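Reading through the structure tokens given below for one structure.
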Amino acid sequence: MILARVTGTVVSTQKNPHLAGHRLLVVHPIDLDGKLVSTSFLAVDVVDAGVGDRVLVIDDGGSARIALHDEGAPLRNVVVGVVDDIEVDRGYLA
Amino acid sequence: MILARVTGTVVSTQKNPHLAGHRLLVVHPIDLDGKLVSTSFLAVDVVDAGVGDRVLVIDDGGSARIALHDEGAPLRNVVVGVVDDIEVDRGYLA
Amino acid sequence: MILARVTGTVVSTQKNPHLAGHRLLVVHPIDLDGKLVSTSFLAVDVVDAGVGDRVLVIDDGGSARIALHDEGAPLRNVVVGVVDDIEVDRGYLA
Amino acid sequence: MILARVTGTVVSTQKNPHLAGHRLLVVHPIDLDGKLVSTSFLAVDVVDAGVGDRVLVIDDGGSARIALHDEGAPLRNVVVGVVDDIEVDRGYLA
Amino acid sequence: MILARVTGTVVSTQKNPHLAGHRLLVVHPIDLDGKLVSTSFLAVDVVDAGVGDRVLVIDDGGSARIALHDEGAPLRNVVVGVVDDIEVDRGYLA
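As they're listed, the protein sequences go chains X, P, S, H and E.
According to the working numbering, the first sequence is numbered sequentially starting from 41.
According to the working numbering, the second sequence is numbered sequentially starting from 41.
According to the working numbering, the third sequence is numbered sequentially starting from 41.
According to the working numbering, the fourth sequence is numbered sequentially starting from 41.
According to the working numbering, the fifth sequence is numbered sequentially starting from 41.
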């Protein structure tokens with residue numbers, strides 16, 4: 041799972057019908073300190089995450105279809121959790 | 041999902057028969073400001089996207105077959121939406 | 041399989057129900073000498089690994105569902121082993 | 041799909057039996073101008089591509105098995121087309 | 041398929057039961073000249089490859105389960121062939 045920050049939303053009217061009715065979020069991977077890393081991508085929300093939330097994103101087509109309860113959804117990225125807290129033993133990060 | 045710009049088209053006559061009859065687009069990933077990032081790749085179109093459009097591209101074999109309604113298509117990249125608008129809270133990008 | 045070090049744990053209460061009841065670990069890829077490489081990501085534990093352990097992580101949705109014995113789990117990363125020892129012929133690393 | 045150039049062939053006698061009888065090609069990703077990018081990898085040919093050809097390569101296990109008509113083939117990369125022409129609107133590449 | 045060199049072996053006793061009884065190899069991707077590139081990872085062997093061998097590695101969960109004849113194996117990387125020879129037309133690498 042990728043740790044990411046929700047930074048925005050995307051509007052698309054001309055799209056595959058299985059993607060209609062789902063909120064499409066802009067997510068940006070972050071490190072353990074919340075710093076942005078890598079580049080933004082887009083994910084469908086299934087846990088009512090909002091802009092600013094620190095979230096768990098799955099990058100797997102099978103997982104995305106399971107989470108949407110729609111085997112016909114052409115999709116690979118889905119937000120499956122909102123992070124409350126991360127505890128890291130910084131001795132192992134030295 | 042990857043945000044990308046359609047920059048061209050590809051012609052291939054000698055190919056797998058399941059790929060015949062589909063438009064094959066050149067897509068280039070872009071950032072939230074529309075700037076090109078990473079490198080071009082090729083994707084089949086299912087939403088009537090055109091050169092210059094800002095699109096949503098899926099990079100997943102299962103999704104590609106679903107979107108084409110063809111379980112026999114050897115394919116991983118498909119354009120599933122045209123982007124109308126992106127709203128980003130730039131406070132989270134600082 | 042990716043060689044990684046467990047460096048922490050993540051708490052998420054608002055998440056997909058299939059992920060409830062599993063320990064969610066922060067793992068950081070390491071090289072053969074134990075040095076951190078690349079960036080952290082999150083994985084579910086199924087072998088009772090602890091913080092500080094050197095582990096085997098799988099990055100595959102199908103594998104994650106198999107290891108959790110839950111075909112409805114939207115997940116791609118799972119810790120499937122704890123490493124006891126690595127023997128490398130350093131002549132091939134020169 | 042990845043745009044690539046076929047640069048060579050590989051001989052392997054000690055291998056999984058499902059890979060026997062297929063030509064194994066060395067392919068190198070190229071950009072829209074034909075310049076080599078990234079690094080070489082290996083792919084099975086199903087469209088009679090030859091060394092020097094500009095080809096379409098799929099990087100997806102399900103697609104590879106479909107293209108070989110062999111559900112028992114442990115394989116992820118397959119050449120599914122030979123490129124005749126690429127038309128790019130260079131205004132979008134600026 | 042990835043071209044790699046087998047550089048070592050891994051011992052793990054505390055692991056998923058489906059991975060027991062298989063040799064776990066350390067493999068390092070190499071270029072066409074045998075030079076190490078990228079970083080090491082771990083793969084299960086099914087073709088009796090040894091340390092020092094130049095091998096074909098598959099990075100696909102479905103392929104790994106097929107090659108092991110075990111649909112319950114949480115695994116993505118498997119060594120499926122030993123390379124005898126690579127013939128490259130160096131004119132295309134210039």
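Even for Gly, the Cβ is constructed at its ideal location relative to N, Cα and C.
Keep in mind it's a predicted model, so treat the numbers as computed, not measured.
(message) Tell me the rounded alpha-carbon separation between Ser80 (chain E) and Val128 (chain S).
(response) Approximately 11 angstroms, taken between the alpha carbons.
In this structure, what does DSSP give as the bridge partners for Pro69 (chain P)? For Pro69 (chain P), which the question treats as bridged, DSSP gives the partners P:Ala44.
(request) Select from the segment 102-121 of chain X all residues with a C-beta closer than 8 angstroms to any C-beta belonging to chain S, and list them in chain order. (result) Residues Gly102, Ser103, Ala104, Ile106, Ala107, Val118, Val120 and Gly121.
Q. Rounded C-beta distance between Ala107 (chain S) and Asn56 (chain E)? I'm assuming under 8 angstroms.
A. About 6 angstroms separates the two Cβ atoms, so the contact holds.
Assuming Arg94 (chain P) is part of the beta strand (DSSP E), what are its boundary residues? For Arg94 (chain P), the uninterrupted beta strand (DSSP E) segment begins and ends at Arg94 to Asp99.
Neighbourhood of Leu96 (chain S) by C-beta distance below 6 angstroms, restricted to the same chain and skipping five residues each side: For Leu96 (chain S), where only same-chain residues beyond five positions count, the Cβ hits under 6 angstroms are Met41, Val120 and Gly121.
### Task
Answer yes or no: the CB of Leu59 (chain P) versus the heavy atoms of the ligand NAD, is any distance below 6 angstroms?
The model depicted lacks the ligand NAD and carries no ligand whatsoever.
Beta-carbon contacts of Ser52 (chain E) that lie in its chain and below 7 angstroms, excluding the five residues immediately before and after:
Contacts found: Leu64.
- Message: With a threshold of 7 angstroms between beta carbons, is Ile70 (chain P) in contact with chain X?
- Response: No, Ile70 (chain P) lies away from the interface with chain X (no Cβ there is under 7 angstroms from its Cβ).
Bridge partners for Gly121 (chain P) per DSSP, in chain order? According to the DSSP secondary-structure assignment, Gly121 (chain P) is paired through a beta bridge with X:Lys55 and P:Leu96.
Could you list which residues in chain P have their beta carbon closer than 8 angstroms to that of Leu133 (chain H), in chain order?
Residues of chain P with a Cβ closer than 8 angstroms to the Cβ of Leu133 (chain H) are, in chain order, Thr47, His68 and Leu76.
Problem set entry | According to DSSP, residues forming a beta bridge with Thr49 (chain X) | Beta-bridge pairing by DSSP links Thr49 (chain X) to X:Leu65 and P:Glu127.
Q: Go through its chain and collect everything with a Cβ distance to Asp71 (chain X)'s Cβ below 7 angstroms, but skip five positions before and after it.
A: Counting only Cβ-Cβ distances below 7 angstroms, and skipping sequence neighbours, we find Val77.
Taking the straight line between their C-alpha atoms, what separation do you get for Ala60 (chain X) and Leu133 (chain P)? Taken atom to atom, the span from the alpha-carbon of Ala60 (chain X) to that of Leu133 (chain P) is near 27 angstroms.
Review point. Skipping 5 residues on each side, what residues in its chain have a beta carbon closer than 6 angstroms to that of Val123 (chain X)?
Key: If the five residues before and after Val123 (chain X) are omitted, its C-beta is found closer than 6 angstroms to the C-beta atoms of Arg94, all from its own chain and listed in chain order.
Review point. What span of residues does the beta strand (DSSP E) with Val147 (chain E) cover, start to end?
Key: No statement about residue 147 (chain E) is possible, as the shown extent of chain E runs from 41 to 134 and does not include it.
*Gly112 (chain S) versus Asn117 (chain X): straight-line alpha-carbon distance, rounded*: Spanning the two alpha carbons is a distance of roughly 16 angstroms.
Original post:
Out of curiosity, what's the CA-to-CA distance linking Arg130 (chain P) and Ile126 (chain E)?
Top reply: Each residue's alpha carbon lies about 51 angstroms from the other.
Tell me the DSSP secondary structure of Leu115 (chain H) in three-state form. Under the three-state reduction of DSSP, Leu115 (chain H) is assigned to coil, being neither helix nor strand.
Subject >> Residue closest to Leu82 (chain E), alpha-carbon to alpha-carbon, out of E:Asp73, E:Gly74, E:Ile98 and E:Lys75 >> reply: Checking every option, the nearest Cα to that of Leu82 (chain E) belongs to E:Ile98.
Going straight from the alpha carbon of Gly74 (chain X) to that of Val86 (chain S), what length do you get?
Taking the straight line joining both Cα atoms gives about 27 angstroms.
Q) Where does Ala83 (chain P) sit, in a helix, a strand or coil, going by DSSP? A) In this structure, Ala83 (chain P) counts as strand in the three-state DSSP scheme.
Original post:
Checking contacts by CB at 7 angstroms: is Val123 (chain E) closer than that to chain S?
Top reply: Not an interface residue.
Excluding the 5 residues preceding and the 5 following His62 (chain H) in the sequence, name in chain order all residues of the same chain whose CB lies nearer than 6 angstroms to its CB.
Excluding sequence positions up to five before and after His62 (chain H), its CB lies within less than 6 angstroms of the CB of Val84, all in the same chain and listed in chain order.
- Query: Out of E:Asp110, E:Gly102 and E:Pro114, which has the shortest C-alpha to C-alpha gap to Pro139 (chain H)?
  - Reply: Residue 139 (chain H) lies beyond the stretch modelled for chain H, which goes from 41 to 134, so this question has no answer here.
| query | What do you reckon, are the CB atoms on His68 (chain P) and Thr49 (chain P) nearer than 7 angstroms? | reply | In this structure, His68 (chain P) sits away from Thr49 (chain P), with a CB-CB distance that is not shorter than 7 angstroms.
Practice task
Measure the beta-carbon distance from His58 (chain S) to Asp100 (chain S) and round it to whole angstroms, keeping in mind my assumption that it falls under 8 angstroms.
Solution key: That pair is no contact at about 17 angstroms.
### Query
Quick one: is Asp73 (chain X) near chain S, going by C-beta distance under 7 angstroms?
Not flagged as an interface residue toward chain S: Asp73 (chain X), since no C-beta distance is shorter than 7 angstroms.
Q.
7 angstroms is my cut-off, CB to CB: does Asp129 (chain P) come that close to chain X?
A. Chain X contact via Cβ: present.
| message | Cutting at 7 angstroms between CB atoms, please list the residues of its own chain near Ala44 (chain P), excluding the five before and the five after it. | response | Excluding positions up to five away in sequence, the list reads Val67, His68, Pro69, Ile70, Val95 and Val97.
Expressed to the nearest angstrom, what Euclidean distance is found between the alpha-carbon atoms of Gly92 (chain E) and Gln54 (chain H)? Near 15 angstroms, if we compare the C-alpha coordinates of Gln54 (chain H) and Gly92 (chain E).
- prompt: What does Gly92 (chain E) touch in chain S if you count any residue whose Cβ is under 9 angstroms from its own?
  reply: The contacting residues are Asp129, Gly131 and Tyr132.
Q: Quick one: list the residues of chain P neighbouring Leu82 (chain X), beta-carbon separation under 7 angstroms, in chain order.
A: The contacting residues are Met41, Leu43 and Leu96.
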